[in-house]
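To start, the structure under review is shown below, and the notes come after it.
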Amino acid sequence: MRVILFTGKGGVGKTTTAAATAVSAARAGVRTLVMSTDAAHSLGDALAVRLGGAAAGTPVEVADHLCALQVTSPQRLGESWRVVQDYLLAALGTLGIDTVVAEELTRLPGAEEIAALLELSTQVESERWDLVVVDCAPTAETLRLLALPEALAWHLERLLPAQRGLLKTLRPAAAAASGMPLPDAAVIEAVTGWQRRLRDVHRLLTGEQTSVRLVLTPERVVIAESRRTWTSLSLYGFVVDAVVVNRVFPDAAAHAVAGAAPDTWRSAWNTAQQTGLAEVRESFAGLPVVVTPYLASEPIGLTALAELAAAQDGAMPADHDVLAPVTHRGMTVERTDAGFRLTLPLPLAHASDLGLQRRDDELLVAVGEHRRVLTLPAALQRCVVEGASVRDGLLRVRFVPDEEVWPRG
Ligand SMILES: Nc1ncnc2c1ncn2[C@@H]1O[C@H](COP(=O)(O)OP(=O)(O)O)[C@@H](O)[C@H]1O
Ligand SMILES: [Mg+2]
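Dropping the structure here:
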């Protein structure tokens with residue numbers, strides 16, 4: 009079982025690449041689902057099938073071994089969210105907050121993302137597929153989506169345990185004293201349910217069956233954004249296993265007609281693209297780079313998508329076996345002479361963009377505007393941070409035993 013997510017800047021060809029990958033896998037006999045989590049419903053357009061309307065929300069068979077699914081509004085969440093929302097509305101009501109404002113305040117943040125993630129895990133658990141290809145929304149949304157399970161679980165954990173114990177004994181008394189209703193069993197059950205499922209999704213996304221492929225075009229602005237995306241994805245623990253450069257013009261030199269007037273517009277673009285390609289190879293050194301030609305027309309429909317996949321130059325990491333597991337390089341902790349060293353892959357990060365902060369048993373790592381809270385392994389919780397460095401795409405944090413809690417023996 010494999011999950012491959014495609015992301016990148018808007019319009020670079022994520023949907024087309026995801027669909028082409030799915031079509032060629034299905035033609036090789038792999039039971040494949042291609043699903044889109046992007047609110048812009050273009051997966052159906054690329055495949056030339058109808059995924060909206062009555063079909064929305066369920067996998068539609070589009071070819072042998074191939075189904076496609078457009079994730080829709082968060083219906084699945086509706087029921088359990090309603091329980092929580094009713095509670096919040098009642099609680100806000102006691103504070104004298106206007107109902108219209110309260111409705112607005114209690115709209116579930118990230119509901120679309122949660123629905124998409126739960127749908128992904130449902131499909132993976134169904135065991136109907138050998139390969140699930142995910143056509144993601146543009147980068148920023150995708151990062152939010154992928155960081156959500158961990159972030160939300162973190163918040164929920166802090167919200168719940170204290171309450172769960174307290175509620176049993178204190179509910180009636182506390183409610184009477186504050187005038188504020190306390191969440192009942194149904195509310196807590198709903199929240200714990202999401203918590204459990206989100207933790208499963210996170211395990212799925214950071215496990216060895218999942219990888220992310222970055223789609224980009226050979227333009228400087230796009231390459232720059234993709235570099236930042238690679239760093240951010242790594243920060244959250246996701247593995248990028250390939251870069252797909254899309255819309256690469258056929259080389260002008262190869263197509264120049266003898267005696268024809270040189271086309272300066274075209275040769276300028278070719279030069280720029282060659283420079284861009286070189287920059288991609290340099291930036292993403294170590295990752296397979298696949299080049300997709302800019303076709304003369306939009307690749308729409310199964311035949312055109314299969315042709316596009318066949319025209320790609322360079323091998324995807326698992327072309328010989330699309331289902332081969334991903335070799336993950338996650339966070340590792342090693343013993344050193346002085347204590348411990350925590351290592352986290354952070355390709356392309358610079359020490360100047362990096363923020364590190366220790367908070368009790370957690371390490372807060374910030375790269376630009378992205379931050380992740382790492383819960384430290386037990387051994388490191390009794391240590392203090394001695395220093396950190398970023399080199400060769402790795403963040404290394406040195407820990408030494410805290411004399412106060414761990415006296416030298
Ligand atoms: N290699 C290509 N050659 C020609 N047209 C392409 C190619 N890749 C994508 N397109 C076209 O470009 C447009 C945007 O592609 P799409 O896959 O929808 O991008 P995204 O999902 O990143 O927004 C679509 O009309 C698509 O058919
Ligand atoms: Mg798209």
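Mapped onto the working numbering, the consecutive letters of the sequence shown carry residue numbers 9 to 417. In this text, a Cβ means the ideal position worked out from N, Cα and C, and glycines have one as well. What you are looking at is a predicted structure, and each value in this text was computed from that prediction instead of being measured.
Original post:
In whole angstroms, what is the alpha-carbon distance linking Arg207 and Leu128?
Top reply: Taking the straight line from one Cα to the other gives about 13 Å.
Original post:
Which word fits Pro157, buried or exposed, when buried means at least 16 other C-beta atoms lie within 10 angstroms of its C-beta?
Top reply: Of the other Cβ atoms in all chains shown, 16 or more fall within 10 Å of the Cβ of Pro157; this residue is therefore buried.
Subject >> Pairwise C-alpha distance: Leu77 and Leu41 >> reply: Our two residues, Leu41 and Leu77, have alpha carbons roughly 7 Å apart in a direct line.
Original post:
At a cut-off of 7 Å, is Thr150 close to ligand 2 when judged by its beta-carbon and the heavy atoms of the ligand?
Top reply: For ligand 2, no non-hydrogen atom lies closer than 7 Å to the CB of Thr150.
Subject >> Terminal residues of the alpha helix (DSSP H) in which Arg211 lies >> reply: Boundaries of the alpha helix (DSSP H) around Arg211: 193–213.
Original post:
What does DSSP give as the partner residues of Phe246 in its beta bridges?
Top reply: For Phe246, which the question treats as bridged, DSSP gives no partner whatsoever.
Original post:
Do you know how far the Cα of Leu354 is from the Cα of Thr239?
Top reply: Their Cα atoms are separated by approximately 5 Å.
Original post:
To the nearest whole angstrom, what separates the beta carbons of Thr15 and Leu222, a pair I think is in contact under 8 Å?
Top reply: About 7 Å separates the beta carbon of Thr15 from that of Leu222, a gap short enough to meet the 8 Å contact definition.
Original post:
Quick one: is the Cβ of Thr23 within less than 7 Å of any heavy atom of ligand 2?
Top reply: Placement of the Cβ of Thr23 at a distance of less than 7 Å from at least one heavy atom of ligand 2 is found.
**OP:** Could you name the residues of the same chain whose beta carbon sits closer than 6 Å to that of Ala264, not counting the 5 residues immediately before and after it, in chain order?
**Re:** With a pLDDT of only 48 at Ala264, under 50, the local geometry of the prediction cannot be trusted, and no value is derived from it.
**OP:** Out of Ile105, Val109, His49, point me to the one whose CA is closest to Thr80's CA.
**Re:** Taking Thr80 as reference, the option from Ile105, Val109, His49 with the minimal CA-CA separation is His49.
Original post:
Can the beta-carbon of Val132 be found less than 8 Å from the beta-carbon of Met9?
Top reply: Taking 8 Å as the Cβ cut-off, Val132 and Met9 qualify as a contacting pair.
**OP:** Can you check DSSP and say which residues form a bridge with Asp143?
**Re:** Answer by DSSP bridge pairing, in chain order: Phe14, Ser44.
Original post:
Beta carbon of Ala54: closer than 7 Å to some heavy atom of ligand 1?
Top reply: For ligand 1, at least one heavy atom lies less than 7 Å from the Cβ of Ala54.
Original post:
Would you say Glu394 reaches chain C, if we count a Cβ-Cβ gap shorter than 8 Å as a contact?
Top reply: Looking at the structure shown, chain C is missing, and only one protein chain is on hand.
Original post:
Where does the unbroken beta strand (DSSP E) through Ala219 begin, and where does it stop?
Top reply: The sequence shown places Ser at residue 219, rather than the Ala named in the question. First-last of the beta strand (DSSP E) with Ser219: 218–224.
Original post:
The beta strand (DSSP E) with Arg39 in it runs from where to where?
Top reply: From DSSP, Arg39 is part of no beta strand (DSSP E); its letter is neither H nor E.
Subject >> Distance, Trp162 Cα to Val109 Cα >> reply: When rounded, the distance between both Cα atoms is 27 Å.
Original post:
So what's Leu403 in DSSP terms, helix, strand or just coil?
Top reply: Leu403 carries a strand assignment under DSSP once its states are collapsed to helix, strand and coil.
Subject >> Whole runs of the alpha helix (DSSP H) within the region 275–344, excluding any shorter than 4 residues >> reply: Every alpha helix (DSSP H) of 4 residues or more that sits fully in the region 275–344 is shown, in chain order, as 310–319.
**OP:** Report the rounded CA-to-CA distance for Ala231 versus Ser291, giving the unit in angstroms.
**Re:** Ala is not the amino acid found at residue 231; the sequence shown has Ile there. Whole-angstrom Cα-Cα distance: 8 Å.
Subject >> Close-in-space but distant-in-sequence residues of the same chain around Glu69 (CB under 6 Å, 5 per side omitted) >> reply: Leaving aside the five residues that flank Glu69 on each side, the residues in its chain whose CB is nearer than 6 Å to its CB run, in chain order, Cys75.
Subject >> Distance, His358 Cα to Thr272 Cα >> reply: If you draw a straight line from the Cα of Thr272 to the Cα of His358, it comes to about 38 Å.
Original post:
If you measure from the CB of Glu227, is any heavy atom of ligand 1 nearer than 7 Å?
Top reply: The beta carbon of Glu227 sits no closer than 7 Å to any heavy atom of ligand 1.
Subject >> Pairwise C-alpha distance: Arg228 and Gly284 >> reply: Computed Cα separation, rounded: 6 Å.
**OP:** Put Gly347 into one of helix, strand or coil per three-state DSSP.
**Re:** In this structure, Gly347 counts as coil in the three-state DSSP scheme.
**OP:** Give a yes or no on contact between the region 239–251 and the region 27–42, applying the rule of three or more CB pairs nearer than 8 Å.
**Re:** Contact between the region 239–251 and the region 27–42 is absent, because fewer than three Cβ pairs lie under 8 Å.
Original post:
Hey, Asn278 and Val20: beta-carbon distance below 8 Å or not?
Top reply: No, the Cβ-Cβ distance between Asn278 and Val20 is not below 8 Å.
Original post:
Relative to ligand 1, is the shortest distance from any of its heavy atoms to the C-beta of Gly322 smaller than 7 Å?
Top reply: Answer for Gly322: no, Cβ out of range of ligand 1.
Subject >> With 16 other Cβ atoms within 10 Å as the buried cut-off, status of Tyr302 >> reply: Burial state of Tyr302 is exposed, judged by a 10 Å Cβ sphere holding fewer than 16 other Cβ atoms.
Original post:
Hey, would you say the C-beta of Asp46 is under 7 Å away from at least one heavy atom of ligand 2?
Top reply: At least one heavy atom of ligand 2 lies closer than 7 Å to the C-beta of Asp46.
**OP:** Using 7 Å as the cut-off, classify the Cβ of Ser50 as near or not near the heavy atoms of ligand 2, replying yes or no.
**Re:** Answer for Ser50: yes, Cβ within range of ligand 2.
Subject >> Buried or exposed by the 16-neighbour rule on C-beta atoms within 10 Å, applied to Val92 >> reply: The residue is buried, with at least 16 neighbouring Cβ atoms inside 10 Å.
**OP:** Give the secondary structure of Pro157 by DSSP, where H, G and I count as helix, E and B as strand, and everything else as coil.
**Re:** In the structure shown, Pro157 sits in a helix (DSSP, three-state: H, G or I).
Subject >> Alpha-carbon to alpha-carbon, Phe348 and Glu370 >> reply: In this model, Glu370 and Phe348 are separated by some 15 Å (Cα to Cα).
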